[in-house]
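Participant: Anchor point for the sequence shown: position 16 equals 94 in this note's numbering, and the numbering is continuous, going up by one each time.
In this text, a Cβ means the ideal position worked out from N, Cα and C, and glycines have one as well.
For clarity, every value in this text was computed on a predicted model and none was experimentally measured.
Can you read through this structure? Questions will come right after.
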Amino acid sequence: MHIDRNAMRAALERMIGHVEALPEFECATVRGRQVTAGDAAALDAAVAQSWHDALSDLDVKLDLRVSPADAPAYATAAGAVRLGFERAQLLGLQVGGTADAPLYRVVRRDGMRFDIGVRLNVDATCPALGLEAALEPERRLEGRYWPCLALTHADAFWFVQVQALGKLLRGDYLIAAHLANCQVNETLVMQMRQRDDATGTNVHRYGGRERLAYLDIALPGFIVSHDATESAIARQLCAAAEAYDALMPQLSQGYAPRTGIFYELWRCYQAELGICQA
């Protein structure tokens, strides 16, 4: 894994080339500058404005013209897939925004990050493309109190993991710690769901002095920490990652662990930022 200006430019060119081929595409801009896959100068300028270091992301704005029947799909992860971001390529994905202006925050498995804001121009004269919203059907396994967690839960979790890591590596301990605490808390909620599944109820007068999954995690040796605070936050991020991977397969169907990719990205960030052991 290697992240530099050339990698960012190549990723942007591929992404723009993909969306330009869509019938609903109207235009793409990066930081206010219109870009096309065939305009080398525009791509170079977009990267020059976007690149700061290996943690930088690409802020891409897209105008799309769609039929009323297709617009709802863009409010879900199906929109990201339509724009070329299949789950198999992703470490994390957070879908937000509004119905007419969805936002996809993407971390690919090669480390490239995108913030893609879409303006949907809904036009009744557009032919319907048959796009379907990515709504995972609720699955409830026999004997379980709670339904299975959707894979979109995992996509969002891992996006926040990388977001927190970026804050940590840039020295923003306050936000990094806040996000890391939220991530650990998410694993505790998952353990509570697991307990409810085992007992058939979410009412518990007494607990069972449970062993908390995140407390069993040690800090991997490759991680560089410059002070006790950074080390503590890094340990929480590792604990959240490994606890999530231990718990999610028991609460979902089709989930594949992602900690290895997360650690590979962490190593890459450290190398690209010149962070090394003193």
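#1: Whether or not the segment 300-315 and the segment 330-348 are in contact is what I'm after, with contact meaning three or more pairs of Cβ atoms, one per stretch, closer than 8 Å; do they touch?
#2: Just verifying my parser: in three-state terms, what is the DSSP assignment at Phe235?
#3: Secondary structure at Phe340, three-state DSSP: helix, strand or coil?
#4: Given a threshold of 16 other Cβ atoms within 10 Å of its Cβ, counted over all protein chains shown, does Ile339 qualify as buried or as exposed?
#5: Use the C-beta contact count for Pro180: other C-beta atoms within 10 angstroms, 16 or more gives buried, fewer gives exposed.
#6: Taking the continuous beta strand (DSSP E) assigned at Ile81, which residues delimit it?
#7: As an exercise, report each continuous alpha helix (DSSP H) stretch of at least 4 residues that is fully enclosed by the segment 103-179, in chain order.
#8: Any idea which residues DSSP pairs Tyr49 with across the strands?
#9: Among Gln172, Tyr251, Val173, which has the Cα closest to the Cα of Glu308?
#10: State the Cα-Cα distance for the pair Tyr284 and Gln241, rounded to the nearest angstrom.
#11: With respect to the alpha helix (DSSP H) encompassing Ser309, which residues constitute its N-terminal and C-terminal limits?
#12: Go through its chain and collect everything with a Cβ distance to Val262's Cβ below 7 Å, but skip five positions before and after it.
#13: Rounded to whole angstroms, what's the CA-CA distance from Ser128 to Arg83? Just pull it up for me.
#14: Starting from the C-beta of Ala356, find all residues in its chain whose C-beta is less than 8 Å away, skip the five residues before and the five after it, and write them out in chain order.
#15: Can you list, in chain order, the residues of its chain whose CB lies under 7 Å from that of Gln348, leaving out five sequence neighbours each side?
#16: What would DSSP say about Cys346, mapped onto helix, strand or coil?
#17: Determine the closest residue to Arg111 out of Glu102, Arg271, Phe103, Leu121, with distance taken between C-alpha atoms.
#18: Assuming Val200 and Ala149 form a contact by the criterion Cβ under 8 Å, report the distance between their Cβ atoms to the nearest whole angstrom.
#19: By Cβ distance below 7 Å, which residues in the same chain neighbour Arg109 in space, the five residues on each side in sequence not counted?
#20: Return the chain-ordered list of same chain residues with a C-beta closer than 8 Å to the C-beta of Ala151, the five sequence neighbours on each side being excluded.
#21: Can you give the Cα-Cα distance for Ile81 and Leu227, rounded to whole angstroms?
Facilitator: By the coordinates alone:
#1: yes
#2: helix
#3: helix
#4: buried
#5: buried
#6: Where Ile81 is concerned, there is no enclosing beta strand (DSSP E), given that its DSSP letter is neither H nor E.
#7: 118-128, 155-160
#8: Residue 49 is absent from the model: the chain starts at 79 and stops at 356.
#9: Tyr251
#10: 36 Å
#11: 306-329
#12: Tyr292, Gln314, Ala317, Ala318
#13: 9 Å
#14: Any reading at Ala356 must be qualified, since the residue scores a pLDDT of 46, below 50, and its modelled position is unreliable; the value itself is stated next. So the qualifying residues of the chain are His304.
#15: Val302
#16: helix
#17: Leu121
#18: 5 Å
#19: Ala124, Gln127, Ser128, Asp137
#20: Gly157, Arg160, Leu209, Glu210, Ala211, Ala212
#21: 32 Å
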